[in-house]
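Q:
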């Protein structure tokens, strides 16, 4: 009737980590009929706030648990390392068995490579020859040193907390783990002479997911060009850092590609036209609105197919012992570009050892240097430390 007050509105708020929050009004029927005696409030005051499940804010708990798990694994690794027992010299000996390897052996303040292997570092020979495929996952929970751990965990908190708040622990947890697996897989196909550890692949997967989420949900964001350019610049800078030696950029690339595809699958959001129709008044729109736009569905299908095909193909190639460097002569430049300041020779350091009584003779296979040490019953970690010193 002409005297009836206009229907109230639901205001749907989307709290975007990129700024530029959006408020989309949706008309709904008034839940309570106004009393004839009561004055009719102005239409602009009739606003009902509701929480739409597709845009609600989650309480983050999984990402903090991931951070704790990484810290615990680092402590366990240092316990297994036991530098005073297995090495001739250590940093911060006052920490006991938690002291660090010599700086020249591990400048990241961490354990030896042999200790990392024991607790689950990615070693392609063990994955392929000894069928230890679990290392493709375990390596993302390990770190080469204290500096490595701090950098990755700070990045994880900055990036992933907001993502978990927006999309929940299930989707972000799967995005993190599958991206980490994809990064490990690509790393194993290209870097087969060294071990690899770190959560960087999973972190790049989160960045890739942020990028694809912005693309697939393009129409629901108000401010998008500037955040898109900012995100692309951040990704490019981080990938560029990976071209220096001793950084596994293949894990970064594999994680980013996996996360980028997963973002189209896991982080898709319904259009506001569908939300308005679903939560608004039954007769306020006669036209049926689709939940997702056609381009969102196309990207969802293509991304899922590419992701599954890529992971399966990678696993088949890995367990057949394929080294992709043999099929791509320039791909090694994606991980390291030689300059006058550094070399990209990543050949692992190795030595020939011979024990005669309390005399240990070592010959570096890399430079041919030989030295003899007064050491009885040397451990593998001690030999590794001496070899590292001899070959550098």
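Numbering (UniProt numbering), first residue to last: 1 to 392. Glycine is no exception: its CB is placed at the ideal position from the N, C-alpha and C atoms. All figures in this text were calculated on a predicted structure; none of them were measured in a lab.
(1) The beta strand (DSSP E) with residue 362 in it runs from where to where?
(2) Can you tell me the Cα-Cα spacing of residue 369 and residue 355, whole angstroms?
(3) Judging by CA-CA distance, which residue of 88, 300, 56, 162 is the nearest neighbour of residue 379?
(4) Tell me residue 371's beta-bridge partners as DSSP assigns them.
(5) Which same chain residues end up closer than 7 Å to residue 181 when comparing Cβ atoms and leaving out the 5 residues on each side of it in sequence?
(6) Only counting runs of 4 or more residues, tell me where the alpha helix (DSSP H) segments fall wholly within the segment 49-136, in order along the chain.
(7) Please identify the residue among 339, 201, 112 whose C-alpha is closest to the C-alpha of residue 82.
(8) Could you name the residues of the same chain whose beta carbon sits closer than 7 Å to that of residue 392, not counting the 5 residues immediately before and after it, in chain order?
(9) Report all residues from its chain with a CB closer than 6 Å to the CB of residue 350; omit the five preceding and five following residues, and keep chain order.
(10) Reducing DSSP to helix, strand and coil, say where residue 331 ends up.
(11) Using CA atoms only, rank isn't needed, just tell me which of 117, 246, 293 is closest to residue 333.
(12) Rounded to whole angstroms, what is the Cα-Cα separation between residue 290 and residue 263?
(13) Residue 188 and residue 127 - do their beta-carbons sit closer together than 8 Å?
(14) Please work out which residues of its chain come closer than 7 Å, Cβ to Cβ, to residue 367, disregarding the five sequence neighbours upstream and downstream, and give them in chain order.
(15) Taking 8 Å as the threshold (C-beta atoms), are residue 208 and residue 151 in contact?
A: Well, looking at it:
(1) 359-364
(2) 17 Å
(3) 88
(4) 362
(5) 136, 137
(6) 62-81, 83-86, 113-119, 124-129
(7) 112
(8) 104
(9) 365
(10) helix
(11) 246
(12) 20 Å
(13) yes
(14) 391
(15) no
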